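Below is one structure, written out as structure tokens, with a few remarks after it.
Protein chains: 2
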Amino acid sequence: MDRAGPVEFSIGEVASAVGISVHALRFYERRGLLVGPVRRTAGGRRRYTEIDVDWLRICIRLRAAGMPLTALQRFAALVRDGPGNEGERLALLDAQRERVEEQIRALEQAREIIAWKVDTYRQHLEGGNGGALWDPAADREANG
Amino acid sequence: MDRAGPVEFSIGEVASAVGISVHALRFYERRGLLVGPVRRTAGGRRRYTEIDVDWLRICIRLRAAGMPLTALQRFAALVRDGPGNEGERLALLDAQRERVEEQIRALEQAREIIAWKVDTYRQHLEGGNGGALWDPAADREANG
DNA sequence: CTAGGATCTAGAGCCCGCTCTAGGTCAACG
DNA sequence: CGTTGACCTAGAGCGGGCTCTAGATCCTAG
Numbered sequence: 001m002d003r004a005g006p007v008e009f010s011i012g013e014v015a016s017a018v019g020i021s022v023h024a025l026r027f028y029e030r031r032g033l034l035v036g037p038v039r040r041t042a043g044g045r046r047r048y049t050e051i052d053v054d055w056l057r058i059c060i061r062l063r064a065a066g067m068p069l070t071a072l073q074r075f076a077a078l079v080r081d082g083p084g085n086e087g088e089r090l091a092l093l094d095a096q097r098e099r100v101e102e103q104i105r106a107l108e109q110a111r112e113i114i115a116w117k118v119d120t121y122r123q124h125l126e127g128g129n130g131g132a133l134w135d136p137a138a139d140r141e142a143n144g
Numbered sequence: 001m002d003r004a005g006p007v008e009f010s011i012g013e014v015a016s017a018v019g020i021s022v023h024a025l026r027f028y029e030r031r032g033l034l035v036g037p038v039r040r041t042a043g044g045r046r047r048y049t050e051i052d053v054d055w056l057r058i059c060i061r062l063r064a065a066g067m068p069l070t071a072l073q074r075f076a077a078l079v080r081d082g083p084g085n086e087g088e089r090l091a092l093l094d095a096q097r098e099r100v101e102e103q104i105r106a107l108e109q110a111r112e113i114i115a116w117k118v119d120t121y122r123q124h125l126e127g128g129n130g131g132a133l134w135d136p137a138a139d140r141e142a143n144g
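So the protein sequences, as listed, match chains A and B.
Each residue of the first sequence is one higher than the one before, starting from 1 at the first, in UniProt numbering.
Each residue of the second sequence is one higher than the one before, starting from 1 at the first, in UniProt numbering.
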């Protein structure tokens, strides 16, 4: 096929390309996040393909959204086991989609709570009234 | 003021009301999440007021959105120190708002990635074509 | 008055997700 | 050819956030 350019990268290159440490890369590998074994040089050094890097980027984005390593590991395992378990993969993805949406809702609630408190403080600071801005704690101060 | 009904709750009542364990409640207290010390009975049992409970509910929602205990602790500490540091409180809140919004963006990206994979698998399952659905791993399978 | 459940404190234990270390090996450069 | 820096493995260490335990005390119902 394309014997011309089977572009490959060292672990260090991949680390700086995807933005995690070489330690984390090896750690992910131990945890089975990669679908297949990474190619090695004669001397034993890892050589990542662009496919590996793409997959790692996806993993990292999903991790950044709080997806646990075990979920990524399970998905990788299903893919590793080859065709025939697409239903399971879909179920796993669906569960994660659900989790992500729940988390978004939680964050939106948090944002509202914070926005409301920020508003309160901002009014307080602008208006300069010393007293009973709402805040469970401030209430307590006011009352006792 | 309202000596009629200074409603108070045991730790067990609070735990089931806010949805965390009594252990977690004591743990939060040790970490300084509460603005003031909880009232105690003669015998040393905690008696939470509704204000305490409201504040705990807020903390729990913020925690659910990934806010670290240290942030909640710092905010509580500022409130505890009394009026005069509203600017600092505001800064803290702003930083957390920023963090929450970043996190929402990360989650939305994750949602897109997942949605796209789900679509791919769904088409695959419906169409029943065995082959090269995109997926870095599937690619690899297809290629070798 | 007694039994049993709720609560108390302080600290150990646990899971997650890395990060760092020790003690080597490899390989590119001068 | 030697040096230097990236890389190797396996495992220890760590911070966050609880959870659980031991051993004692409280208190409410019977």
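Note that the Cβ used here is the ideal one computed from N, Cα and C, for glycine as well.
Just so it is clear, the structure is predicted and the values come from calculations on it, not from any experiment.
query, result
"Whole alpha helix (DSSP H) elements within the stretch 46-77 of chain A, 4-residue minimum", "50-64"
"Under the three-state DSSP convention, the category residue 31(B) falls into", "coil"
"Proximity of residue 113(A) and residue 78(B) at Cβ, strictly below 8 Å", "no"
"Backbone CA spacing between residue 22(B) and residue 89(B) [nearest angstrom]", "28 Å"
"Min CB distance residue 134(A) to chain B below 8 Å", "In this predicted model, residue 134(A) has a pLDDT of only 48, less than 50, meaning its place in the structure is not dependable; the value taken from the coordinates is given anyway. No, no contact with chain B."
"Interfacial residues, the stretch 93-116 of chain A to chain B, with Cβ spacing under 8 Å", "93, 94, 96, 97, 100, 101, 103, 104, 106, 107, 108, 109, 110, 111, 113, 114 and 115"
"CB contact below 8 Å: residue 11(B) versus chain A", "no"
"Residue nearest to residue 74(A) in terms of C-alpha spacing, selected from 43(A), 34(A) and 25(A)", "34(A)"
"Other residues of its chain near residue 59(A): CB distance less than 6 Å, five sequence neighbours each side excluded", "33 and 72"
"Residue environment, residue 55(B), which counts as buried when at least 16 other CB atoms sit within 10 Å", "buried"
"Contact check, residue 100(B) vs residue 53(B), beta carbons under 8 Å", "no"
"Extent of the continuous alpha helix (DSSP H) run through residue 113(B)", "86-127"
"CB contact below 8 Å: residue 17(A) versus chain B", "no"
"Proximity below 8 Å, CB of residue 47(A) to CB of residue 8(A)", "yes"
"Inter-residue Cα distance where the pair is residue 156(B) and residue 41(A)", "Here chain B comprises residues numbered 1 to 144, so residue 156(B) is not present and cannot be evaluated."
"Proximal chain B residues relative to residue 61(A), where beta-carbon distance stays under 9 Å", "106, 109, 110 and 113"
"Contact set between residue 86(A) and chain B, taken where Cβ atoms lie within less than 7 Å", "121, 124 and 125"
"Boundaries (first-last residue) of the alpha helix (DSSP H) holding residue 146(B)", "Chain B is shown from 1 up to 144; residue 146(B) falls before or after that span and cannot be answered."
"Residue 20(B) at chain A interface by Cβ criterion, 8 Å", "no"
"Rounded separation between residue 26(B) and residue 69(A) - CA only", "30 Å"
"Distance between residue 67(A) and residue 6(A) (C-alpha atoms, nearest Å)", "31 Å"
"Interface residues of chain A facing residue 90(B) [CB-CB closer than 8 Å]", "118, 121, 122 and 125"
"Same chain, Cβ closer than 7 Å to residue 30(B), neighbours up to 5 away in sequence not counted", "none"
"C-beta neighbour in chain B for residue 64(A), strict 8 Å", "yes"
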